[in-house]
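To start, the structure itself, in structure tokens.
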Amino acid sequence: MNETGMLIIAIVGPSLICLAPLVLFPIAELRRAKANRQFQYNEFFAVRYGGSIERMIAESPLDRGLLNEWCSQGSRGVKRARRYVELWDPVPRAVVDEYLRRIGADAPR
């Protein structure tokens, strides 16, 4: 290997080693934050509704007519309804999907 190649390796190698934590630490923090958020959603659902979707349907103050209207508009409407429910009732995604499915089945046609 010539001197130029050695110089490049001598500069780039340690630089990559020093910069790797700058990339890896934020990724680890994002994973931790997501896990913490999911824990908080599960905890909210357990405390507020006792872990019961039936109780959530009975007690949730959300406008079911508006949610059904959005869900009937296709996939974009379903995403909008999910975001709305998660904003006002921070519960896990599976619970949100089941809630929307059940209130949609109960909606008058």
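According to the working numbering, the stretch in the sequence shown is residues 1 to 109, in order.
All residues carry an ideal CB built from backbone N, CA and C; glycine is no exception.
Since the structure is predicted, the reported quantities are computational estimates derived from the model, not experimental observations.
Segment limits, alpha helix (DSSP H) that includes residue i
{"i": "V85", "result": "75-88"}
{"i": "L67", "result": "64-71"}
Buried versus exposed, by CB contacts within 10 Å (16 or more), residue i
{"i": "A10", "result": "exposed"}
{"i": "L87", "result": "exposed"}
{"i": "A35", "result": "exposed"}
Rounded straight-line distance, which links the Cα of residue j to that of residue i
{"i": "L19", "j": "V12", "result": "10 Å"}
{"i": "S60", "j": "Q73", "result": "22 Å"}
{"i": "L66", "j": "L100", "result": "11 Å"}
{"i": "G5", "j": "L22", "result": "26 Å"}
Simplified DSSP state of residue i, which is helix, strand or coil
{"i": "P26", "result": "helix"}
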